[in-house]
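Structure record follows, encoded as C-alpha cells.
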C-alpha cells in the first residue's frame, strides 16, 4: 500500500515512517512548511522550523524513502493561525493542534496524498484506529502509552478521514519508540519532545495575537464575583480561564481568572473554589462512534492534561452536547475541546462553549 | 531509469569536464600564486581556462575574473559598481522585476544602505522595455542590471538595446548571462555590455566556479579583499580544479553550440507541442519566439504544480517549478507574477529544461507520463469531498 507519512522531523513521525517502510509499504514522506522561511522574520517554531524540515529529510534519507516539503503557509494561516487569533480575542482559549489535524493534515495533506496515489496518511500521533464490528464504524482509541495519548487532539476527524488515517506508534509506549529510533540510528532518536504550540516557540501568545490583531482592545476592567472593580487588564486575549499569574492584583488570597467577556472586555476573578463547575455545553460535536439516542455515562476530558472524569453526556441535536459531571471540575475553559471516552474508545467530542 | 529534465537548475558534467577536474584535483595542487614549478603549473591551467571563457564570450582573457559562481559574479558586479561609482555621487541602481534573487536581494541590501533602486516591469511575455529604462534613468544611475535569459521561462531580453540606453546617461550595464552562456551565442562586444556574469554548472561544468567578465577600463571595487589574486580584483586562492572544469566546459560549449542548440531546440519543441496537444488547459508562459532553446514553462489549469512535480519525481522524471527556496518548497514564482499572471496560474506552472544528455526517448516518456498524472490530479479537484463526510 502506498502511504504518505506526515513527517515533522520529530522522533514519533520518524519512527512512524520507519515502521511502515519496514512493513514493506511504499512510503512517501511529506513535510509541511507552515511559515515563510526566507523572509528572516521571527521563525515560528520548534515543530516546523527549518531545522525540523532538515531533520525530516535526514530521516527520510536514512530509511531510504522519497521525501518532499510542501508549502502550506497560506493554508496554515487560514485554517489554524487565524482561528487561534480569533479565539483569543473572543476570550476563548484555542486548541490549534486539533484544527491542524482535521483541517490540514487529514484534509489538504490527505488530498495531496491521494493525488500521489496514496491510500492513507500516517502521522506520529499516539492514538489507534479500529473497526467497530457492531456498526461498521471506524473508532478512534487512546494510544497504548496513556501518558503520551493524543486522541484528544484528533476528536474532530470524520469517518472518511479516520478511514485513511494510520497511527503506527499508537500501539507502543514512547520508550519503545525511542529505543526503535536508536536501534535504527535515526538522527532524531534523542531529540527532545516538542512542547506547547509549535508556531509560538517563545510562548508569548499575547504578543503573537496582538501582532496579528492590532485592533484587539487592550484595556478592560477586572471585577470580582460581586462586580466590584479590582483593577484593569491589558486585553482579554492575554488571559485564559484558570490563570493565576500575571493578573497584577494585590490580594491576600490567590485569585484566578473565572471568565472573560469579549463584549465589555470584562474579566471576572475569584478564589479557586469558584473555578469549579459541574456542567458544560459543547458545539460542533463530532459523534465518532455514532450519535447516541439517549444520555450516556462516559468519561469526559476537558483539556489535554486532564484525567477524564465521569459524566452524563447527552446529545442536544444539531451537533451540540450537554455534559454533567459527577463531581465539580476545575477550569472548564471555552475554546478547549471536551472529548468523551468509554475506556479507551473515543465516543465523540466537541468545542466547549461554556461551563456552569 | 530516471529522466533529468531540470538543466536550468544545474547540469551533469560533460565527460571531458569530469576527466579534467579529476586530473586537476590530483595533479595541479599547487597554489597558483606560488613562484615554483607547482604554482606555475596551476597558474598555466587557470590561464588556459581564462582564454576559453574569453573565447566563449568574444572577450579578452584579461577581462575575465573567476568567481565562485553566478551569485558571486552578480554581487561583484552590482556591489562593486555601486561602491566604485558612489564617490561620483551615483547612487541609483536599476534592474528588472524578473532578475534572479542574486540581483534582487543584492539591490534590497544596498537600498538599506542608502542606494535608490528602480525595478523595471516586464510585459505578459516576460520582456522588459528599453524605453521604460530611458524613463527611469537619471544622471545619478550607477548600474543597470538586465538578465540575458530568464531562468524560469527562458525569455531573452534585448540586452544590446538596454546597454545603448544605459550608456546615454553614463550608467554601467550588467547582464546576468548565467542561463544563456554556453547555450546561445553570447558576444560581449555585440551586446555592448560592461559586465557579464556566468556560471560553469549551467553548461556542464562543475559547481563552485563562475566568472565575471569586466570590460577593460570599467571601474569596479572588489568585494572580497585579501591577497592579490585575479589582478587584485578577487582575493582568495583560486579553486583550480573547478576553474579548469569551467574552461573545458566553455571550450566544449563554443565548439558544439550551433549543433547542440538545434538538437535541444527540436527536443524542447517536440516536448512542448506533445504536452500542449495531449493535455487540455495548458499554455506556455513567456515569449515562445525569443527563448533559449532548452527551456519551456507550461501552466496546467487546475493542477497544483507542487503535486505534479512530486508525482513526476515518483515516476522518475525530474522537473522544476522554477526557483527553489531555502527548504526546496514551491514559492509562488516572482517571475510569473511579474508577468501579470494570476496567482493560481503561477502555482500551476512547471519548468522543463533540457540539455546535453537529453534524448528523444526521454521526451517521449515525459509526453506519455504527464497526461496520466494530470488526469489523476484533476480527478481529485473535481471531487472536493474526496475525504468523505461524517
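Protein chains in written order, with the numbering used here: chain A, 386 to 741; chain B, 671 to 1060. Quick reminder that beta carbons are idealized off the backbone N, C-alpha and C, glycines included.
A distance below 6 Å between beta-carbons, with the five flanking residues on each side excluded, links residue 1033/B to the following residues of its chain, in chain order: 937, 940 and 941. Note that the C-beta distance between residue 847/B and residue 868/B is below 8 Å. Residue 526/A is positioned such that its CB atom lies closer than 8 Å to that of residue 536/A. In the structure shown, the three-state DSSP call for residue 506/A is strand. Measuring C-alpha to C-alpha distances from residue 518/A to each of 692/A, 704/A and 674/A identifies 674/A as the nearest. For residue 701/B, the closest alpha carbon among the candidates 899/B, 804/B and 841/B is that of 899/B.
Contact annotation: in the region 435-451 of chain A, residues whose CB is within less than 7 Å of a CB in chain B are 435, 438 and 451.
Boundaries of the alpha helix (DSSP H) around residue 546/A: 544-548. In this structure residue 640/A does not touch residue 626/A by the C-beta definition: roughly 13 Å separates them, more than the 8 Å allowed.
Taking a contact as a CB-CB distance under 8 Å, the pair residue 494/A and residue 984/B does not count as one, their CB atoms being some 16 Å apart. Secondary structure at residue 967/B: strand, using DSSP grouped into helix, strand and coil. Residue 623/A has its alpha-carbon roughly 15 Å from the corresponding atom of residue 719/A.
Taking one beta carbon from each stretch, the region 601-616 of chain A and the region 652-667 of chain A have 3 or more pairs nearer than 8 Å; the two touch.
In this structure, DSSP gives residue 725/A an extended state, which the three-state scheme calls strand. When DSSP states are grouped into helix, strand and coil, residue 912/B belongs to the helix group. Under the three-state reduction of DSSP output, residue 984/B falls in the helix class. Residue environment analysis places residue 459/A among the exposed positions, since fewer than 16 neighbouring C-beta atoms fall within 10 angstroms of its C-beta. Rounded to whole angstroms, the gap between the alpha carbons of residue 456/A and residue 1019/B is 15 Å. Residues of the region 958-980 of chain B with a C-beta less than 7 Å from any C-beta of chain A: 976, 977 and 980, listed in chain order. Using a CB distance cut-off of 8 Å, residue 1046/B counts as an interface residue toward chain A.
Residue 652/A is bridged by DSSP to 607/A and 645/A. Taking 8 Å as the CB threshold, residue 707/A stays off the interface with chain B.
Within chain B, the C-beta atoms nearer than 7 Å to that of residue 497/A come from 977, in chain order.
Residue 713/B counts as buried, since no fewer than 16 other beta carbons sit within 10 angstroms of its beta carbon. Across the structure, residue 807/B and residue 976/B are spaced so that their CA atoms are roughly 39 Å apart. Within the same chain, Cβ atoms closer than 7 Å to the Cβ of residue 582/A are found at 481, the five residues on either side in sequence being excluded. Under a criterion of Cβ atoms nearer than 9 Å, no residue of chain A is adjacent to residue 982/B; the nearest Cβ is some 10 Å distant. Contact between the region 458-475 of chain A and the region 1023-1032 of chain B is not established, with fewer than three Cβ pairs separated by less than 8 Å.
Secondary-structure assignment with DSSP links residue 735/A through a beta bridge to 723/A. By the Cβ criterion, the region 732-741 of chain A is not in contact with the region 546-556 of chain A, since fewer than three pairs of Cβ atoms, one from each stretch, lie closer than 8 Å.
Taking a Cβ-Cβ threshold of 9 Å, none of the residues of chain B is close to residue 511/A; the smallest such distance is about 23 Å.
For residue 708/B, the enclosing alpha helix (DSSP H) has its first and last residue at 707-727.
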